[in-house]
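Residues 594 to 808 in this note's numbering are what the sequence shown spells out, letter by letter.
In this text, a Cβ means the ideal position worked out from N, Cα and C, and glycines have one as well.
First the structure, in the form of structure tokens, and then the observations on it.
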Amino acid sequence: MNKQLLIAGNWKSNKTLAEAKDWMSLFKQVLPVIPKNISIVLCVPFTVLDFFHNQITLAAQDVSPFETGAYTGEISAEQIKEFADWVLIGHSERRKYFLEDDRLLTQKVERAKEKGLSVIYCVSDDSMKIPGNVDVVAYEPTWAIGTGKSDSPENANAVCTMIKKQFQGRVIYGGSVTDENVKNFVNQSAIDGVLPGGASLNPEKFVDLIQAAQS
Ligand code: PGA
């Protein structure tokens, strides 16, 4: 396959530091060299960013809508930039459980871009607003997330094609991606990679997925 694929593993609110260390040592054992046509980004909790820094390309899973300052509990883009080059913004779990709306998400994108972070921005269909200057859009239908029921590759491709009519950048698919179905998604013309959640938690499964994608 000639296309450069982006595989972004989303750990969500999983793994202690000790578990992250175990993950990394096994990951390196089973995949000593990352295939040339694959870019991997690991979206990990803030608490393990420091450990992974300089070992793998990293994304934070959230960013403050404010600059550094008196915003208790928030992590600013400036602070993230010390450890990670990317940030995931607009995941449906943030929208659902933390009531994040388009206005707030646009502020987060602005703060991230001001500090030079690249943004993966999640939408659940092609009608959702995409803030200007995000780097990658992830199409993730909410019903497919964590359910084991992925979208069909053909429908995902149709939605990603629609997204590309309003967004000039890479578009990836997420929602129950596994080593068994990844190839069907990345074979689609408008799909530039995948965003696996559950399938990124086990390093051997994640490597199976990477190898299946590039085969
Ligand atoms: P899943 O999660 O692969 O476990 O469905 C994907 C995501 O929420 O990004």
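If residue i sits next to residue j, beta carbons under 8 Å apart, how far is it from one beta carbon to the other, in whole angstroms?
{"i": "Leu635", "j": "Ala653", "result": "Contact flag wrong, Cβ pair sits at about 11 Å."}
{"i": "Ile756", "j": "Asp719", "result": "5 Å"}
{"i": "Ala783", "j": "Asn750", "result": "5 Å"}
{"i": "Val775", "j": "Ala731", "result": "In fact, because the Cβ distance is near 14 Å, the residues do not count as touching under 8 Å."}
{"i": "Phe545", "j": "Leu619", "result": "Examination of residue 545 is not possible in this model, given that the chain is present from 594 through 808 alone."}
{"i": "Ala670", "j": "Leu698", "result": "That belief does not hold up - the Cβ atoms of Ala670 and Leu698 are roughly 14 Å apart, past 8 Å."}
{"i": "Asp694", "j": "Val712", "result": "About 17 Å separates the two Cβ atoms, so there is no contact after all."}
{"i": "Ser765", "j": "Asp744", "result": "First, the residue type needs correcting, since residue 765 is Ile and not Ser in the sequence shown. The Cβ separation is near 12 Å, so there is no contact."}
What residues are listed by DSSP as bridge partners for residue i?
{"i": "Cys753", "result": "According to DSSP, which records beta bridges pairwise, Cys753 is partnered with nothing at all."}
{"i": "Ala731", "result": "Cys715 and Ile765"}
{"i": "Val787", "result": "Ile600 and Tyr766"}
{"i": "Leu698", "result": "Answer is none; Leu698 lacks a bridge partner."}
{"i": "Ala652", "result": "Cys636 and Trp679"}
Please classify residue i: does DSSP put it in a helix, a strand, or coil?
{"i": "Tyr664", "result": "coil"}
{"i": "Trp736", "result": "helix"}
{"i": "Leu635", "result": "strand"}
{"i": "Gly709", "result": "coil"}
{"i": "Glu723", "result": "Looking at the sequence provided, one finds Ile at residue 723 rather than Glu. If DSSP states are grouped into helix, strand and coil, Ile723 belongs with coil."}
{"i": "Leu681", "result": "strand"}
{"i": "Leu794", "result": "coil"}
{"i": "Leu642", "result": "helix"}
{"i": "Leu692", "result": "coil"}
{"i": "Gln781", "result": "coil"}
{"i": "Asn748", "result": "helix"}
Let me have the residue list for the ligand PGA: C-beta closer than 6 Å to any non-hydrogen atom, ordered along the chain.
Asn603, Glu733, Ile738, Gly739, Gly767, Gly768, Ser769, Val770, Leu788, Pro789, Gly790, Gly791 and Ala792
Every unbroken alpha helix (DSSP H) within the region 601-633, with a cutoff of 4 residues, ordered by chain
610-623
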